[in-house]
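To start, the structure itself, in structure tokens.
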Amino acid sequence: MTCSVELFKEPLKIRERLSEDGTEMTEPQLSMLCGLIKEYRPQKIVEVGVAAGGTTAVILNCLSLMELDTCVYSVDLSERYYRDTSRKTGYLAEEYKKLANTKVNHKQYGGGVLAEHLEEIGRNIDFLILDTTHVLPGEVLDFLVALPYLKDGAIVVLHDIFLNHYNNNINSYATRILLSSVVGEKLTGRGNDNEYNYIELGAFRVTEDTKKYIQNVFSALLITWQYLPNCSQMTLYKQAMGKYYDSQLMELFDMAAKLNKKTLSQKRVMDKITLSSIQELLEKLRNKKKIFIYGCGVYGTKLYSMLETFHVQVEGYVISDNQIKPAMDQSVQYISEVDENKCMIVLGMSTGKQREVCGEMQHENWVRIDEHVIYFLRNNF
Numbered sequence: 055m056t057c058s059v060e061l062f063k064e065p066l067k068i069r070e071r072l073s074e075d076g077t078e079m080t081e082p083q084l085s086m087l088c089g090l091i092k093e094y095r096p097q098k099i100v101e102v103g104v105a106a107g108g109t110t111a112v113i114l115n116c117l118s119l120m121e122l123d124t125c126v127y128s129v130d131l132s133e134r135y136y137r138d139t140s141r142k143t144g145y146l147a148e149e150y151k152k153l154a155n156t157k158v159n160h161k162q163y164g165g166g167v168l169a170e171h172l173e174e175i176g177r178n179i180d181f182l183i184l185d186t187t188h189v190l191p192g193e194v195l196d197f198l199v200a201l202p203y204l205k206d207g208a209i210v211v212l213h214d215i216f217l218n219h220y221n222n223n224i225n226s227y228a229t230r231i232l233l234s235s236v237v238g239e240k241l242t243g244r245g246n247d248n249e250y251n252y253i254e255l256g257a258f259r260v261t262e263d264t265k266k267y268i269q270n271v272f273s274a275l276l277i278t279w280q281y282l283p284n285c286s287q288m289t290l291y292k293q294a295m296g297k298y299y300d301s302q303l304m305e306l307f308d309m310a311a312k313l314n315k316k317t318l319s320q321k322r323v324m325d326k327i328t329l330s331s332i333q334e335l336l337e338k339l340r341n342k343k344k345i346f347i348y349g350c351g352v353y354g355t356k357l358y359s360m361l362e363t364f365h366v367q368v369e370g371y372v373i374s375d376n377q378i379k380p381a382m383d384q385s386v387q388y389i390s391e392v393d394e395n396k397c398m399i400v401l402g403m404s405t406g407k408q409r410e411v412c413g414e415m416q417h418e419n420w421v422r423i424d425e426h427v428i429y430f431l432r433n434n435f
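First residue of the sequence shown: 55, per the numbering used here; consecutive thereafter.
This is how it looks when you write it as structure tokens:
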């Protein structure tokens, strides 16, 4: 079941009194967040991911306007603001405290993962905000360690649930994975956050079924991670979860950790080899004029995008004389229509197809792409 959230904008005005608007959330997102606080009136809020502390300041102002004596705990892995390391994490929240005319029940933890601080924060958390890396395992791990400390009916808020569709953040889907895999009463907001009129802030209410079907969330950890927490952090996560989850669920966690450790290790090696192959290709094309890509299928178009990204000017595509010219934005010519002595032709096709084409005709100005460049194209464009 999905329920709508009424927006609450008044707390956002505090941003005008701060030294800068250092919120990571948009105005519609902050309005939805405050709307959730207004509706559910939490007594214990835990915010994971602080940055400048602009969102924290809005939360504290929201609680003040509602005259709620709520305890707020903010947790961030970094003690310094990641966009400006000359400033401390949460400096805007500290500014708010100096402006506030009332007592502010707020404590910030820096320099450690959530699992380090939950015992001190304690149980009966009824409002949890997860806004950290947005890539796996990120928010999924933090939710799993936090769940045993959440009160029945607690609200969990997730930031940037559509981030993987914007600005080349293709792997930033941790909050979307969590929202999609968890069982609970889902909450949505409507507003001008995007062209679809959906606010990019996800939320759900913890129910009995959330814990009953928590295996779904553990299974989500088997999706490829983008980073591996260090040994100390992994130990903390495992110890924290091991207190509350059964052996079957912990086996899933161990499996996910081992598989991703192996996968990320292989990826590091592959990335190094791939980078070398791309650099070699770019060096062959450096200062060359009239570059054409042979083939305008999947790999050809991806290769065009990649070369464009690296500021290599491509004249267009060439195809075999027996093919039909497709309708495309870029120029498409038959191989017989270009002077091969006056241009460079890069083969934008699979290695097997390259062998087939080169078996028929060969020229010193033809450039093959190896399997490592193809791997890069397949996974990045």
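The C-beta atom is built at its ideal place from N, Cα and C for all residues, glycine as well.
- The three-state reading of DSSP puts residue 273 in helix, counting H, G and I together.
- Nearest in C-alpha terms to residue 224, of all of 190, 232, 207, 203, is 190.
- The way I'd put it, the region 140 to 157 does touch the region 102 to 120; three or more beta-carbon pairs between them come closer than 8 Å.
- By the neighbour-count criterion, in which a residue is buried when 16 or more other Cβ atoms sit within 10 angstroms of its Cβ, residue 218 is buried.
- A direct Cα-to-Cα measurement between residue 337 and residue 425 gives close to 17 Å.
- Per DSSP, reduced to three states, the secondary structure at residue 192 is helical.
- Here the C-alpha atom of residue 405 lies approximately 25 Å from the C-alpha atom of residue 341.
- Looking at the DSSP output, residue 213 shares a beta bridge with 255.
- The alpha-carbon of residue 120 is positioned some 59 Å away from that of residue 331.
- Taken in chain order, the complete beta strand (DSSP E) segments of 3 residues or longer contained in the region 365 to 425 are 370 to 373, 386 to 388, 398 to 401.
- Taking a C-beta distance under 9 Å as the contact criterion, residue 199 and residue 257 do not qualify as a contact pair.
- Here residue 380 is exposed. Its C-beta has fewer than 16 other C-beta atoms within 10 Å.
- In the DSSP secondary-structure assignment, residue 126 is bridged to 99, 160.
- Each of 386, 391, 394, 356 was checked against the Cα of residue 402, and the nearest Cα belongs to 356.
- The Cβ atoms of residue 99 and residue 127 lie closer than 9 Å to each other.
- Beta-carbon to beta-carbon, residue 184 and residue 102 are separated by about 5 Å, close enough to satisfy the 8 Å threshold.
- As a beta-bridge residue in DSSP terms, residue 348 pairs with 372, 401.
- DSSP places residue 354 in the helix class (H, G or I) of the three-state scheme.
- Taking the Cβ atoms as the reference, residue 151 lies roughly 7 Å from residue 160, within the contact range of under 8 Å.
- Cβ-Cβ distances below 7 Å link residue 386 to 350, 370, 371, 373, 379, 380 in the same chain, with the five nearest sequence neighbours on each side left out; the list follows chain order.
- Cβ neighbours of residue 394 within its own chain (closer than 7 Å, five residues either side excluded): 417, 419.
- In this structure, the straight-line span from the alpha carbon of residue 389 to that of residue 343 is close to 17 Å.
- Nearest in C-alpha terms to residue 263, of all of 206, 309, 300, is 206.
- When the five nearest sequence neighbours on each side are left out, the beta carbons in the same chain lying within less than 8 Å of the beta carbon of residue 231 are those of 190, 194, 274, 277, in order along the chain.
- Taking 9 Å as the cut-off, the beta carbon of residue 163 is found closer than this to the beta carbon of residue 129.
- In the DSSP assignment, residue 343 falls outside any beta strand (DSSP E), carrying neither H nor E.
- A distance of 9 Å or more separates the beta carbons of residue 85 and residue 72.
- Within the same chain, 336 come within 7 Å of residue 364 by CB-CB distance, once the 5 residues on both sides are set aside.
- Per DSSP, residue 263 lies in no beta strand (DSSP E); the unbroken alpha helix (DSSP H) holding it starts and ends at 262 to 266.
- If only uninterrupted beta strand (DSSP E) runs of at least 3 residues are considered, those enclosed by the region 165 to 192 are 179 to 184.
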